[in-house]
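Novice: Residue numbers (my numbering): 315 to 537.
Glycine residues also receive a C-beta, built at the ideal position from the N, C-alpha and C atoms.
Being a predicted model, the structure only gives us computed values, none of them experimental.
Below are the C-alpha cells for one structure; questions will follow.
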C-alpha cells in the first residue's frame, strides 16, 4: 500500500500514478480531499496499459459523513482483470486547480471494515414496554459478514435488545429495545457495539446515535 499527498496545481491538470498488478488482485483506492477541507471535486480513473478504462468513480457514497453535504471525494474497489501495468489518474471534475486543491490518495489492498449508526438517537421507553430502533451499517472494502450487536459493559439493568444481529450482506436491521419492571425510571445512556470477524480477526465498532436527514430530496444522510 502507498499513500500520496498531491495537489492539482493548475486548471485542467491530471496527476497519473502507475503500478504493476496481477490478475485477480483486489485493489482499493480512496481520495480524501473535501473531507480535509480541499475544494477538489475529485475524479479517479483506472486504466490498463492499453489505455482502456477498468474502473472509475466521481463521488463515493457518504451517508455517514454527517453534515458534509457535498461529499466530492472518490473511491473504488475492484479486482484487476490481468497481469500488467496499470495507471490511476486523478483530476478535478470541473477542470479546476490551484495551490489549495490538495488531496490524499491511498492505493493498496482492501482493508475490510464497517461503521455503525443507530436511529433514532433517543427513545422514550415505557416501563415493561418496547420501542423499535434501526442500526445502519456502512461496509468498507468488500466486508459482507454478519455483525453481532450488544450493549457495551456495563449493561443497563432491565433493558434488553431483541433481533440484535445484522445478517451477512445487509446494510441495516430493525431491532427492538425493551424494558422490564427492573428498569430504572431515569435517563439512560446505553452504548451499543457491533462485533464481527474480519480476516480471522475480531473487530468491535461503536454504534453511534444519529438522526436521518434528506438532502436535496434524494440523498439520505445520518447526522
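1. Can you give, in chain order, each stretch of the beta strand (DSSP E) that sits fully within the stretch 436-471 and has at least 3 residues?
2. If you draw a straight line from the C-alpha of residue 335 to the C-alpha of residue 354, how long is it?
3. Check the C-beta distance from residue 315 over to residue 423 and give it rounded, since I have them as a contact under 8 Å.
4. Determine the direct distance from the alpha carbon of residue 340 to that of residue 532, and round the result to whole angstroms.
5. In the DSSP assignment, what are the bridge partners of residue 340?
6. On the premise that residue 484 lies in contact with residue 451, defined as a C-beta separation below 8 Å, what is that separation, rounded to the nearest angstrom?
7. Buried or exposed, going by whether 16 or more other CB atoms sit within 10 Å of the CB of residue 535?
8. Would you kindly work out how many angstroms separate the C-alpha atoms of residue 521 and residue 468, rounded to a whole number?
9. Measure the C-alpha to C-alpha separation of residue 328 and residue 433 and round it to an integer number of angstroms.
10. Just tell me which of 517, 318, 344 has its CA closest to the CA of residue 455.
11. DSSP on residue 399, reduced to helix/strand/coil?
12. For residue 350 versus residue 402, is the C-beta spacing smaller than 7 Å?
13. In chain order, what residues of the same chain lie with their CB nearer than 7 Å to the CB of residue 415, ignoring the 5 residues before and after it?
14. Are the CB atoms of residue 490 and residue 446 nearer to each other than 7 Å?
15. Verify whether the separation of the beta carbon atoms of residue 514 and residue 493 is less than 7 Å.
16. Check residue 475 in the structure and name its three-state DSSP category.
Specialist: The answer reads as follows:
1. 444-454, 461-465
2. 28 Å
3. The C-beta distance from residue 315 to residue 423 rounds to 6 Å, short enough to fall under 8 Å.
4. 31 Å
5. 393
6. In this structure residue 451 is in contact with residue 484, their Cβ atoms being roughly 7 Å apart against a cut-off of 8 Å.
7. buried
8. Taking the CA atoms as reference points, residue 521 sits about 16 Å from residue 468.
9. Straight-line Cα distance between these residues: approximately 41 Å.
10. Considering only alpha carbons, the answer is 344.
11. strand
12. no
13. 321, 322, 352, 353, 354, 406
14. yes
15. no
16. strand
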